[in-house]
Amino acid sequence: MMNKRIRKQKNRMTLGNLVVSIVLCIGSIIILYPLLWMVISSMKSYDEIYNNVWGLPSKWLIENYKTAWSIGISNYFMNSVIVTIITVLSVLIIASMAAFALSRYRSRFIDIALVVIMSGMMINPQVALIPLFDILTKLGLINTRLALILPYIAFRLPLSILLLRSYFLSIPREIQESAIIDGCSEFGIYRRIYLPMSKPILMTTIVLTSFYAWNEFLFATIFIDSDILRTIPSGLMNFRDALRTDWGVLLSGMVIATIPMIILLIFIQKHLVRGLSEGSVKG
Amino acid sequence: MNKFKNKIAAFLFLLPCLIFLFIFVFIPLFKNFYNSFFEYSVFSTTKDFVGLDNFKLLLTDKTIKVALLNNIRYAIISVIFQVGLGLVLAAVLEHQFFRKLAPFFRVTFFMPVMISISVIALLFGFIYNPQIGILNSFLELVGLETLSKAWLGNSSTAIYAVIAMSQWQSVGYIMMLFIVAIQRISKELYEAAEIDGASKIKQFFYITVPQVKETLFINILLTITGSMLVFNEPYILTNGGPGVSSMTMAVYMYQSGFFKDRMGYASTIAITIFIITAILAIIQIRISHTGKD
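Chain order of the listed sequences is A and B. Every letter in the first sequence is one number past the one before it in my numbering, and letter 23, counting from 1, is 23. Every letter in the second sequence is one number past the one before it in my numbering, and letter 286, counting from 1, is 1286.
Dropping the structure here:
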């Protein structure tokens, strides 16, 4: 009786598996089709986007990409690259230094610093937006690349430090002691021992930070006014307003903005997954 | 001597980080509290002290109620679809049967997470477009054209259209967090259950769910926090409209400050958002600690 039930259930599960597979495929279509539509329509003319929603373009207009690139996207792209690179490098240096101190030394000051940094995670960009606008205006930084870079660094520090710190704590004390005996300075221990031994977590930090800086929208829209300095996320909004009905070109710009992140996703899946899980659990 | 040297070293290593946090994170927070007692415009040099007027206004403001309600709608729907569906998806993809196909589905569902919100929102602007949108075209194709409408132009559907887009974008993110958690579950538990003849559904409820309980709570909190902060999606798609029907607190804060030139009131809204999210964050920290002990 019992055995029969088990077998019956197992058989039913293969039917179940089929149903689940179909549902998964439908799910994938729901995710992928809009993206595919974006790519296909980016090579259509306005008339075809308007009148032929589903079909392929009769003529593949690759020029749309050239137009999008030359009338602004190249500029936004470069700004995004500059902002992302400077943000990532600064976060790496500042966060790893802080995490080094937090994991190597013990004192009341260190305990307090840790609490301060952790409570930094409770404050979100949205909450800081209006005072930040005042502060950046007073510093004369509004409408410069630094208006993005400096807040980006600040808001990425707490999470990056906690990620790095938990990894640093696993570095054996003996290696540090023997380095001191060999005459290594504190800075030497940081640079010659901690950094080289933490490549995987540094990689995760790079991935998470570049993902954030590349896609950030709120500050990018509000702290930058001039079109020359815009990064891709806010530049695309300008693009929409400027192009009106030149949808093919707008869609090409959207595709160009997406490509670097998709490449990143394919190559560094592993680092990303680890970073996301660590980041959220510790967050 | 050595101890003293180490203290200086620790201080120097932490200094850049603390400077950044104070100037760009903590001072803004405290300035919000200060500014909420004043009223001033974006480029004005003077502030007028108004006492508690902004807080009084907050309690009677109808728009803030609409906005808060929309944030709550956002939270409820996101918990159901992102956390609920994300957990089911993760459990399915981690199952033996789907091992070969899982990498494909994982990357597929995760793909929208990597795409900039402005690209996603512009894309959904096309999808929801009443004339050319693929949503209405699809409804026509399957004979449901009576259902087609101007999704974003209609005050009863706008906020739901915005929320739907967020589900599309973020379910893969929560799924990925659950996948990592499920991978940590000992395989023996499932093997034992298999021998005892427990069905897959029973295994899900009696092994997977209890084993990822901590991640589940944290994902629920993350999702609710995100819903309370939501800005980009409604800002790009509807700018809070039509009327104020798809307003969220963060969009209302932005509009009050930068369009209605009421920076003081905007700071008051910012404090409200901060208090809500800080409570959620404290609960989250509590939970992630108890889990480790």
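From the three backbone atoms N, C-alpha and C, an ideal C-beta is built for every residue, glycine too.
- Shown here, residue 211 (chain A) sits in a helix according to DSSP, grouped into three states.
- Residues of chain A with a Cβ closer than 9 Å to the Cβ of residue 1277 (chain B) are, in chain order, 122, 123, 124, 126 and 127.
- For secondary structure counted as the alpha helix (DSSP H) over 4 or more consecutive residues, the segment 1095 to 1177 of chain B holds these complete runs in sequence order: 1102 to 1114, 1117 to 1128 and 1134 to 1141.
- Interface with chain A (9 Å Cβ-Cβ cutoff): residue 1089 (chain B) is included.
- Looking at the DSSP output, residue 1039 (chain B) sits in a beta bridge with B:1048.
- For residue 51 (chain A), the enclosing alpha helix (DSSP H) begins and ends at 46 to 51.
- In this chain, residue 1082 (chain B) is not harboured by any alpha helix (DSSP H), its DSSP state being neither H nor E.
- In the displayed model, residue 1191 (chain B) falls within a helix according to three-state DSSP.
- Boundaries of the alpha helix (DSSP H) around residue 167 (chain A): 146 to 168.
- Taking a C-beta cut-off of 9 Å against chain B, the contacting residues of the segment 33 to 47 of chain A are 33, 34, 35, 37, 38 and 41, listed in chain order.
- For residue 1238 (chain B), the closest Cβ of chain A is not nearer than 9 Å.
- CA-to-CA, the gap between residue 1157 (chain B) and residue 1246 (chain B) works out to about 9 Å.
- Remark: C-beta atoms of residue 229 (chain A) and residue 1232 (chain B) do not approach each other more closely than 9 Å.
- Contact check for residue 255 (chain A) against residue 160 (chain A) fails: the beta carbons are separated by 9 Å or more.
- In the three-state scheme derived from DSSP, where H, G and I count as helix and E and B as strand, residue 188 (chain A) is classed as helix.
- Against chain A, a Cβ distance below 7 Å from residue 1108 (chain B) picks out 28, 31 and 32.
- The beta-carbon distance between residue 70 (chain A) and residue 248 (chain A), rounded to whole angstroms, is 14 Å. This is too long to meet the 8 Å contact definition.
- The residue among B:1019, B:1131 and B:1217 with its C-alpha nearest the C-alpha of residue 52 (chain A) is B:1131.
- Residues of chain B with a Cβ closer than 8 Å to the Cβ of residue 155 (chain A) are, in chain order, 1024 and 1025.
- Following the DSSP letters along the chain, one finds residue 216 (chain A) in no alpha helix (DSSP H), marked with neither H nor E.
- Taking C-beta separations shorter than 7 Å and ignoring five residues to either side along the sequence, the partners of residue 114 (chain A) in its chain run 102, following chain order.
- Residue 248 (chain A): member of the alpha helix (DSSP H) spanning 247 to 267, first to last residue.
- Against residue 17 (chain A), the close residues of chain B are 1097, in the order they occur along the chain (beta-carbon pairs closer than 7 Å).
- In the displayed model, residue 183 (chain A) falls within coil according to three-state DSSP, outside both helix and strand.
- Residue 1114 (chain B) has a beta carbon lying within less than 9 Å of a beta carbon in chain A.
- Secondary structure at residue 60 (chain A): coil, using DSSP grouped into helix, strand and coil.
- In the DSSP assignment, residue 1205 (chain B) falls outside any alpha helix (DSSP H) and carries neither an H nor an E.
- Counting along the chain, residue 194 (chain A) sits inside no alpha helix (DSSP H), nor does DSSP assign it H or E at all.
- Taking the CA atoms as reference points, residue 17 (chain A) sits about 8 Å from residue 1097 (chain B).
- Of all residues in the segment 51 to 68 of chain A, the ones placed with a Cβ closer than 8 Å to any Cβ belonging to chain B are 53 and 54, in chain order.
- For residue 1168 (chain B), the closest Cβ of chain A is nearer than 9 Å.
- Between residue 1185 (chain B) and residue 1212 (chain B), the C-beta gap is smaller than 9 Å, which places the two residues in contact.
- Assignment of residue 1198 (chain B) by DSSP, reduced to helix, strand and coil, places it in the coil class.
- With respect to the 9 Å criterion, residue 157 (chain A) and residue 98 (chain A) are classified as neighbours on the basis of their beta carbons.
- Contacts with chain A at 9 Å (Cβ-Cβ) include residue 1131 (chain B).
- Between residue 1284 (chain B) and residue 1229 (chain B) a beta carbon distance of about 14 Å is seen, past the 8 Å cut, so the two are scored as non-contacting.
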